[in-house]
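Please read the structure below before turning to the comments.
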Amino acid sequence: MDFLSSQKYLLNKHQAKELFPSGPDMAVYKVCHKMFATLTAEGGVPRVSLKCDPDLALQLREQYPAVRPGFQMNKKHWNTVILDGSVPSEQIQRMIDHSYQLIVDNLPTLEREQLLASKK
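The sequence shown stops at residue 120 when you use the working numbering, and every number in between is there.
Written as structure tokens, this is what we have:
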């Protein structure tokens, strides 16, 4: 995945919003006011940061050199993926899905139910 395909996939998540709270160089993706990803090409290097289960985060870092501890994030719960083509697109999509689902699963019950109901 490259920058544009990552952006499109992130925005296709149910009720995902793209915001630029720190300026035009970094997009923040949220669902129900909770961040599940950031995307930037700052410095000419496209990268996406995604929330991740800590054990899975370590496994992905071992498997793919382009997956690193979260850049300017909690390194236990976030990975940053350098979008250089070395990580298969399907894997990045699974990582995005996982990040989104972690956020949805941890929403307050009422918010989660409203989100799921709006999907129908």
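Glycine included, every Cβ here is placed at the ideal spot set by N, Cα and C.
In its own chain, which residues sit with a C-beta less than 8 Å from the C-beta of aspartate 2, not counting the 5 before and 5 after it?
For this step, residue 2 is matched to residue 2 along the sequence shown. Contacts found: Pro46, Leu83, Gly85.
Would you report the Cα separation of valine 67 and phenylalanine 36, rounded to the nearest angstrom?
The residue given as residue 67 occupies position 67 in the sequence shown. The residue given as residue 36 occupies position 36 in the sequence shown. In a straight line, the C-alpha of valine 67 is about 16 Å away from that of phenylalanine 36.
Report the residue from Leu10, Thr38, Cys32, Asp25 whose alpha carbon sits nearest the alpha carbon of phenylalanine 71.
Mapped onto the sequence shown, residue 71 falls at position 71. The shortest Cα separation from phenylalanine 71 among Leu10, Thr38, Cys32, Asp25 belongs to Thr38.
From the DSSP output, in three-state form, read off leucine 19 for me.
Here the question's residue 19 lines up with position 19 in the sequence shown. Strand at leucine 19.
For serine 89, I'd like the list of residues in its chain whose CB is within less than 6 Å of its CB, leaving aside the five on either flank, ordered along the chain.
Along the sequence shown, one-based indexing puts residue 89 at 89. Once the five neighbours on either side are set aside, the close Cβ partners of serine 89 are Met1.
Where leucine 19 and serine 99 are concerned, what is the direct C-alpha to C-alpha distance, given to the nearest angstrom?
For the purposes of this step, residue 19 is taken as the residue at position 19 of the sequence shown. For the purposes of this step, residue 99 is taken as the residue at position 99 of the sequence shown. For leucine 19 and serine 99, the distance between alpha carbons rounds to 17 Å.
Given this structure, state the Cα-to-Cα distance separating glutamate 111 from valine 31, to the nearest angstrom.
As a working note, residue 111 is residue 111 in the sequence shown. As a working note, residue 31 is residue 31 in the sequence shown. Looking at the two C-alpha atoms, the distance is approximately 10 Å.
Out of Leu115, Met95, Arg94, point me to the one whose CA is closest to valine 104's CA.
Position 104 of the sequence shown, counting from 1, holds the residue named residue 104. Cα-wise, what sits closest to valine 104 is Leu115.
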